[in-house]
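Contents: one structure, followed by commentary.
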Amino acid sequence: MTRAIIIREHGGPDVLRVEDLEVGPPGPGQIKIRNRAVGLNFIDVYQRTGLYKVPLPFVAGNEGAGEVMAVGAGVSEFEAGDRIAYQGPVGAYADERLLPAGKAVKLPDGIGFDTAAAALLKGNTAFYLLHWTHAVKPGDVLLIHAAAGGTGQILTQWAAALGAIVIGTAGSEEKCEVIRRNGAALAVNYKTGDFVAEVRAFTEGRGVDVVYDGVGAATFEPSLDCLRPRGLMVSFGNASGPVSLPRLGILADKGSLFVTRPTSGAYFPDAVSLRTGAEALFDAIAAGKLNIDIGGRFPLVEAPAAHRALESRSTSGSTLLIP
Ligand SMILES: NC(=O)c1ccc[n+]([C@@H]2O[C@H](COP(=O)([O-])OP(=O)(O)OC[C@H]3O[C@@H](n4cnc5c(N)ncnc54)[C@H](OP(=O)(O)O)[C@@H]3O)[C@@H](O)[C@H]2O)c1
Numbered sequence: 011m012t013r014a015i016i017i018r019e020h021g022g023p024d025v026l027r028v029e030d031l032e033v034g035p036p037g038p039g040q041i042k043i044r045n046r047a048v049g050l051n052f053i054d055v056y057q058r059t060g061l062y063k064v065p066l067p068f069v070a071g072n073e074g075a076g077e078v079m080a081v082g083a084g085v086s087e088f089e090a091g092d093r094i095a096y097q098g099p100v101g102a103y104a105d106e107r108l109l110p111a112g113k114a115v116k117l118p119d120g121i122g123f124d125t126a127a128a129a130l131l132k133g134n135t136a137f138y139l140l141h142w143t144h145a146v147k148p149g150d151v152l153l154i155h156a157a158a159g160g161t162g163q164i165l166t167q168w169a170a171a172l173g174a175i176v177i178g179t180a181g182s183e184e185k186c187e188v189i190r191r192n193g194a195a196l197a198v199n200y201k202t203g204d205f206v207a208e209v210r211a212f213t214e215g216r217g218v219d220v221v222y223d224g225v226g227a228a229t230f231e232p233s234l235d236c237l238r239p240r241g242l243m244v245s246f247g248n249a250s251g252p253v254s255l256p257r258l259g260i261l262a263d264k265g266s267l268f269v270t271r272p273t274s275g276a277y278f279p280d281a282v283s284l285r286t287g288a289e290a291l292f293d294a295i296a297a298g299k300l301n302i303d304i305g306g307r308f309p310l311v312e313a314p315a316a317h318r319a320l321e322s323r324s325t326s327g328s329t330l331l332i333p
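Residues in the sequence shown are numbered consecutively from 11, following my numbering.
Following this line, the structure appears as structure tokens:
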């Protein structure tokens with residue numbers, strides 16, 4: 011038996027309940043994993059509330075790191091004892107779990123379980139957003155919202171390492187200080203300041219090349235006013251609520267803008283793409299380009315408290331659940 015955090019109905023953090031589960035041996039193409047650290051992600055909240063659809067009941071969580079306990083028939087790339095990390099599908103909030111082998115990556119010697127569970131999903135997201143959604147070049151000017159968050163800190167550091175000029179937003183002065191330390195040229199407290207006016211002033215009226223927005227409803231429309239003509243709006247999340255495009259013509263009015271709504275699933279459809287991102291991520295960590303900030307740790311059974319912290323905007327960097 012293993013302990014797991016199960017969601018049987020949608021709702022607030024209290025629907026995350028601890029139960030004992032029989033995991034069983036891995037089936038064909040699967041590996042069995044002992045989780046050593048589990049990454050907390052905002053997608054876990056969307057799945058808990060029902061904004062993102064996952065059939066009920068399900069074990070929560072999309073990211074973790076640990077050891078391979080056993081491999082199923084047809085799995086040749088892993089063996090018992092291997093240190094791995096993974097992202098998706100759900101089932102990470104547990105001491106042990108089964109996983110399709112193609113969702114796992116081997117950990118290099120220098121990468122510990124905590125760092126891997128704090129970095130893989132968020133870092134792979136930063137990788138595809140900065141290399142594949144838009145190939146960032148030195149001198150590109152980027153606006154990154156929630157830049158002190160888990161994904162935001164990795165995005166900011168990696169963009170700066172690629173030579174971009176980063177403007178980051180966050181909801182407190184302490185978080186703005188983190189953004190500046192991570193290499194941003196400007197940090198704006200969007201709770202107290204007008205980020206559109208600050209971006210316009212900083213870019214001398216030109217606007218930014220790309221906006222990376224994981225905040226959603228609260229920031230989407232004003233962000234369009236931060237873009238240069240033919241700039242790109244990357245709406246990759248909805249921490250403040252989902253976005254709806256008011257009317258297509260708004261993109262014409264604001265300068266022939268481009269908008270995309272990317273997902274990890276579309277950018278990492280197979281093991282090859284996933285491992286391409288992970289290799290770049292682990293290399294960037296090893297090279298000292300990325301510092302993975304673990305802002306908080308909760309015992310696995312305190313998952314409801316971890317969700318409350320994430321949703322109340324009191325976390326900074328990545329948060330871990332420890333089995
Ligand atoms: N599309 C993809 O492939 C993909 C993959 C990974 C993550 N994401 C998205 O990226 C975003 C960040 O994810 P994360 O896991 O790294 O979370 P996170 O950034 O660590 O936490 C979310 C942050 O959003 C900000 N925020 C602004 N308004 C908020 C509100 N009303 N409620 C809660 N938070 C609010 C808060 O920072 P401030 O206090 O500084 O405002 C908060 O700390 C999420 O939208 C997530 O869904 C997308």
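From the three backbone atoms N, C-alpha and C, an ideal C-beta is built for every residue, glycine too.
Its chain contains ASN248, SER250, GLY251, PRO252 and VAL253 as the residues whose beta carbon lies nearer than 8 Å to that of ALA227, once the 5 sequence neighbours on both sides are disregarded; these appear in chain order. Sequence-distant Cβ neighbours of LYS42 in its own chain, meaning closer than 6 Å and more than five residues away, are PRO36, MET79, ALA80 and LEU108.
Annotation note: the stretch 86-162 contains the following uninterrupted beta strand (DSSP E) runs of length 3 or greater, listed N- to C-terminal: 93-97, 106-110, 114-116 and 151-154. Within the model, the alpha-carbon separation for ALA47 versus PHE308 is close to 10 Å. Burial state of ALA207 is exposed, judged by a 10 Å Cβ sphere holding fewer than 16 other Cβ atoms. Nearest to ALA174 by alpha-carbon distance, out of PRO148, PRO65 and THR161, is PRO148. Annotation for GLY178: the continuous beta strand (DSSP E) segment containing it runs 175-180. When only Cα atoms are considered, ALA111 and VAL85 end up about 7 Å apart.
THR325 carries a coil assignment under DSSP once its states are collapsed to helix, strand and coil. Contact fails between the stretch 121-133 and the stretch 62-70, because fewer than three Cβ pairs, one in each stretch, are under 8 Å apart.
In this structure, ASP219 and ASP150 form a Cβ contact; the two beta carbons are roughly 5 Å apart against a cut-off of 8 Å.
The alpha-carbon separation between THR135 and LEU31 amounts to approximately 31 Å. Under a 10 Å Cβ-count criterion, LYS201 is classified as exposed, with fewer than 16 other Cβ atoms of the shown protein chains found around its own Cβ. For PRO272, the Cβ falls inside the 8 Å cut-off from some heavy atom of ligand 1.
When the five nearest sequence neighbours on each side are left out, the beta carbons in the same chain lying within less than 7 Å of the beta carbon of PRO314 are those of PRO23, ASP24 and LEU26, in order along the chain. Here DSSP, grouped into helix, strand and coil, assigns LYS201 to coil.
PHE268 and ILE260 have their alpha carbons spaced roughly 11 Å apart. If the five residues before and after THR325 are omitted, its C-beta is found closer than 7 Å to the C-beta atoms of GLY305, GLY306 and ALA319, all from its own chain and listed in chain order. If the five residues before and after ILE53 are omitted, its C-beta is found closer than 6 Å to the C-beta atoms of ASN72, all from its own chain and listed in chain order. Nearest Cα to ASP119 within the set ALA296, GLU231 and ALA194: ALA296.
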